[in-house]
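In this text, residue positions in the sequence shown follow full-length UniProt numbering: the first is 1, and each later residue adds one.
For every residue, glycine included, the Cβ atom is placed at its ideal position computed from N, Cα and C.
These figures come from a predicted structure and were not determined experimentally.
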Amino acid sequence: RSDKVPEGVMNYVIEQLGQKYVEPPPFHLPTCYEDATCVTPLIFVLSKGSDPTKAFFQFATDMKMDKKIMPLSLGQGQGVKAERLIEEGVQKGTWVFLQNCHLYVSWLTQLEQMCEELTPETVHKDFRIWLTSAPADAFPVSILQNGIKMTNEPPKGLKANLKTAFFKMSTEYLMSTTKPATFRKLLFGLRFFHAVLQERRKFGAL
């Protein structure tokens, strides 16, 4: 039966390679950052229902870089300002956060050229260029090839939803009350209820 092939393939992969090869790893921004250098663009690929902005600013706070972020939402006429932010960031070691690159594709060739000119010898070691963009055919290939691509799609399924929720919580947070065992039980119940509601949304109104 053709409808059983995907399930059969998945079971075969689990048996031969392990469960982790059929489950996408939770989104972990620090790992992506560790893989980057001062000349590596970090690209958030936007998908429906996900917005990495909050996670990005929280990560910047954790890295004590929240005072050195230079955000800019791209659009017509913002190219000159973006170029100036990049030039300043290269010298001062700031994080340049260019949002919605897909809304200004005509300027992306200039961004591509600036990225190609970056070298470790001439760029401040703390400098990072962060980009957010929806999928776009006109997005420069060289930036995609040389950059680190990240996507944070909403979890699919009850199990994935719960794993994502708890992955974002630290042990310190779970132990931050006078009754941690009771708190964890209540938190699990609340998260489970929230995950059920999110899955229910897929089926629309009754």
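Query                                                                                              : Result
Three-state secondary structure assigned by DSSP to L118                                           : coil
Proximity of S50 and T151 at Cβ, strictly below 9 Å                                                : yes
Run of the beta strand (DSSP E) containing residue 292, from where it starts to where it stops     : This structure leaves residue 292 out entirely; the chain is present only between 1 and 206.
Sub-9 Å separation of L174 and F167 beta-carbons                                                   : no
Element boundaries [alpha helix (DSSP H), containing T164]                                         : L158 to F167
Residue from T109, K20 and I148 with nearest C-alpha to L29                                        : I148
Spatially closest choice to residue 208 from M10, W95 and K163, by CA coordinates                  : Outside the modelled stretch of the chain, which goes from 1 to 206, sits residue 208, for which no answer is possible.
Whole-number beta carbon distance between E112 and V158, since they are thought to touch under 8 Å : According to the sequence as given, residue 158 is Leu; it is not Val. Their Cβ separation, rounded to whole angstroms, is 42 Å, which puts L158 and E112 out of contact at 8 Å.
Where T178 falls, given that 16 or more other Cβ within 10 Å makes a residue buried                : exposed
Length of the line joining the Cα atoms of V123 and A160                                           : 40 Å
Selection from V45, V105, R1 and I69 that minimises the alpha carbon distance to G79               : V105
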